[in-house]
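Since the structure comes first, as structure tokens, the remarks are kept for the end.
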Amino acid sequence: MPLETVTARLPQEMLKEVERLAEKMKVDHPELIRRLLDFAIQQKKIEDALEAYREGSVTLWKAAEMAGVSLREMMDLVKEKKIPIPYTLDDLRRDMEYVQQKTSGK
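Below, the structure written as structure tokens:
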């Protein structure tokens with residue numbers, strides 16, 4: 043994947059922590075910052091998907107897709123966050139239709 047340069051201003055204390063972690067992990071600063079951003083983006087996607095599921099605006103399947111994780115992982119996250127699973131018969135029908143669409147290539 044091609045990389046682009048981005049400039050950001052960091053507080054001195056944060057930069058020192060980046061330097062410390064980079065040295066500990068034996069990587070350069072840009073690589074560590076890319077890894078940290080990638081991790082933060084993934085966590086934000088999960089957080090947003092969990093919130094959408096909590097609000098009832100998406101199914102568990104859709105939340106997993108939004109977060110970029112498997113259904114099993116999303117189920118574990120929902121359990122870990124103690125989010126009630128309001129799963130109805132209509133939800134099951136929608137999920138079955140969704141799976142059929144995904145597996146039939148439509």
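For the sequence shown, my numbering gives the first residue as 43, with consecutive numbering after it. Using N, Cα and C, we set each Cβ at its ideal position, and we do this for glycine too.
Worksheet item: Can you tell me whether Ala-91 is buried or exposed, with buried defined as 16 or more other CB within 10 angstroms of its CB?
Response: buried
Worksheet item: Whole alpha helix (DSSP H) runs in the stretch 84 to 119 with 4 or more residues, listed along the chain?
Response: 102 to 109
Worksheet item: Three-state secondary structure (DSSP) at Ala-50?
Response: coil
Fill in: Touch test, the stretch 98 to 111 against the stretch 71 to 88, Cβ-Cβ under 8 Å, three pairs minimum
yes
Fill in: Selected residue, minimal CA-CA separation from Met-43, among Leu-57, Arg-76 and Glu-97
Arg-76
Discussion item. Tell me which residues share the same chain as Trp-103 and place their Cβ nearer than 7 Å to its Cβ, disregarding the 5 neighbours each side in the sequence.
Written reply: Leu-113, Asp-137 and Tyr-140
Worksheet item: alpha helix (DSSP H) containing Leu-134: first to last residue?
Response: 131 to 146
Practice prompt. Quick one: residues in its chain with C-beta nearer than 7 Å to the C-beta of Leu-119, no 5 flanking neighbours on either side, listed in chain order?
Written response: Ile-88 and Leu-92
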